[in-house]
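Written out below as structure tokens is the structure these notes cover.
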Amino acid sequence: MEIKEKIINYISKNRVSTTEVADCLGKSGAVHDVYPLTPGHFVVGEIYYLYAIQDSNWMVHEELDKCLVSNKIVFIDAIDVHDRAIIGDIVSKYVLLYCENKAIVCTGKMRDAHCLIKENYPIWCTGVSPVGCFNKPVDLTNFKKIVYERKNSLQGAIAVCDDSGVVIIPKSEINEAFYDKLIAIELQEDIWYDCIDRKKWSTFRTICLKEYLKE
Numbered sequence: 005m006e007i008k009e010k011i012i013n014y015i016s017k018n019r020v021s022t023t024e025v026a027d028c029l030g031k032s033g034a035v036h037d038v039y040p041l042t043p044g045h046f047v048v049g050e051i052y053y054l055y056a057i058q059d060s061n062w063m064v065h066e067e068l069d070k071c072l073v074s075n076k077i078v079f080i081d082a083i084d085v086h087d088r089a090i091i092g093d094i095v096s097k098y099v100l101l102y103c104e105n106k107a108i109v110c111t112g113k114m115r116d117a118h119c120l121i122k123e124n125y126p127i128w129c130t131g132v133s134p135v136g137c138f139n140k141p142v143d144l145t146n147f148k149k150i151v152y153e154r155k156n157s158l159q160g161a162i163a164v165c166d167d168s169g170v171v172i173i174p175k176s177e178i179n180e181a182f183y184d185k186l187i188a189i190e191l192q193e194d195i196w197y198d199c200i201d202r203k204k205w206s207t208f209r210t211i212c213l214k215e216y217l218k219e
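Residues are numbered in my numbering as their position in the sequence shown, beginning at 1, plus a constant of 4.
Below, the structure written as structure tokens:
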């Protein structure tokens with residue numbers, strides 16, 4: 005089993021929260037202002053990167069047409085999109101049901117919120133809006149560098165998504181050392197709860213002073 009699959013399986017099996025993963029990353033990794041549209045989901049998986057740009061979602065449709073990706077977390081990046089919804093019910097249904105992907109993470113807004121909530125789709129986004137993007141090709145000349153850099157950074161990384169938001173494990177951290185950090189933080193959480201629930205210690209003695217290390 006390769007290390008990426010090993011990490012994904014461990015997080016999934018143990019339901020390692022975004023909070024714990026962020027702690028393993030030195031209290032970092034959260035996708036800014038992205039929250040669950042439908043609460044109660046827990047998803048972890050490899051990222052497949054898409055982007056909407058200059059108020060158009062043309063590239064989202066085109067990329068999905070070119071590559072029928074499945075079993076991924078589809079990450080849709082909103083670049084120079086002025087508060088418009090990136091996709092809605094039809095694209096979400098296509099991505100999640102027909103292409104059989106795990107979840108959608110969008111750094112922009114979604115539309116058709118009533119349908120998405122009714123279907124309880126695993127979606128994380130910045131909000132909702134009835135005003136969508138245009139379906140038209142755009143000139144990417146001035147955006148090639150940022151698209152390249154964003155795709156190179158996110159494609160193949162791991163996303164962990166729960167009610168607290170989304171945390172990205174960068175490709176540089178997908179290694180045995182990070183896997184060991186996940187195991188260690190799960191053990192630490194067990195110790196903390198034991199100290200507080202069973203020993204009736206204060207959170208100060210437990211978390212700050214770490215008096216359990218003296219025993």
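Ideal Cβ positions, reconstructed from N, Cα and C, are used throughout, including at glycine.
Keep in mind it's a predicted model, so treat the numbers as computed, not measured.
Taking DSSP as the reference, what is the three-state secondary structure of Leu-2? One cannot answer for residue 2 here, as it falls past the ends of the chain, which runs 5 to 219.
Counting only the same chain and skipping the five closest in sequence on each side, list residues whose C-beta sits under 6 Å from that of Asp-116. Result list for Asp-116: Gly-92, Asp-93, in chain order.
Beta carbon proximity, Thr-145 to chain C, threshold 7 Å: Among the protein chains of the structure shown there is no chain C, as only one such chain exists.
Just to check my reading of the structure: Ser-74 and Asn-105 have Cβ atoms closer than 8 Å, yes? What is that Cβ distance to the nearest angstrom? Taking 8 Å as the upper bound for CB-CB distance, Ser-74 and Asn-105 are in contact here, some 6 Å apart.
With H, G and I counted as helix, E and B as strand and the rest as coil, what does DSSP make of Leu-54? Strand, per DSSP.
CB-CB under 8 Å to Glu-9, same chain, minus the five flanking residues each way: which ones, in chain order? Spatial neighbours of Glu-9 in its own chain (CB-CB distance under 8 Å, excluding positions within 5 residues in sequence) are not present.
Same chain only: Cβ atoms within 7 Å of Ala-26, ignoring 5 sequence neighbours per side: Residues Ser-32, Gly-33, Ala-34, Val-171 of the same chain have their beta carbon placed closer than 7 Å to that of Ala-26, with the five preceding and five following residues left out of the count.
Cβ atoms of Ile-80 and Leu-41: under 7 Å apart, would you say? Not in contact: Leu-41 and Ile-80 (Cβ atoms no closer than 7 Å).
One or two residues paired with Pro-43 in a DSSP bridge: Pro-43 pairs with nothing; no bridge assigned.
Secondary structure at Ile-178, three-state DSSP: helix, strand or coil? Shown here, Ile-178 sits in coil according to DSSP, grouped into three states, outside any helix or strand.
Going by the DSSP bridge assignment, what does Cys-129 pair with across the sheet? Tyr-39, per the DSSP bridge assignment.
State the Cα-Cα distance for the pair Pro-174 and Ser-168, rounded to the nearest angstrom. In this structure, the straight-line span from the alpha carbon of Pro-174 to that of Ser-168 is close to 19 Å.
Skipping 5 residues on each side, what residues in its chain have a beta carbon closer than 6 Å to that of Leu-100? The answer, listed in chain order, is Tyr-125.
For Cys-28, which residues from the same chain have a beta carbon less than 7 Å from its beta carbon, with the 5 sequence-adjacent residues on both sides left out? Only Phe-182, Lys-185, Leu-186, Ile-189 meet the Cβ criterion.
Tell me whether Asp-166 is buried or exposed, calling it buried when 16 or more other Cβ atoms sit within 10 Å of its Cβ. Looking at its Cβ environment, which holds 16 or more other Cβ atoms inside 10 Å, Asp-166 is buried.
Using the three-state DSSP reduction, which class does Ala-117 fall into: helix, strand or coil? Three-state result, Ala-117: helix.
Using a Cβ distance threshold of 8 Å, determine whether the segment 10–22 contacts the segment 53–73, with at least three qualifying pairs required. No: the two stretches stay apart, fewer than three of their Cβ pairs being nearer than 8 Å.
Rounded to whole angstroms, what is the Cα-Cα separation between Glu-6 and Val-164? If you take the alpha carbons of Glu-6 and Val-164, they lie about 18 Å apart.
Cross-strand partners of Asp-166 (DSSP beta bridge): In the DSSP assignment, Asp-166 forms a beta bridge with Gly-169.
In the DSSP output, what is Ser-48 paired with across the bridge? Correcting the residue identity first, residue 48 is Val in this sequence and not Ser. Looking at the DSSP assignment, Val-48 forms a beta bridge with Val-164.
Name the two residues that bound the continuous alpha helix (DSSP H) containing Ala-26. Segment 22–28, the alpha helix (DSSP H) holding Ala-26.
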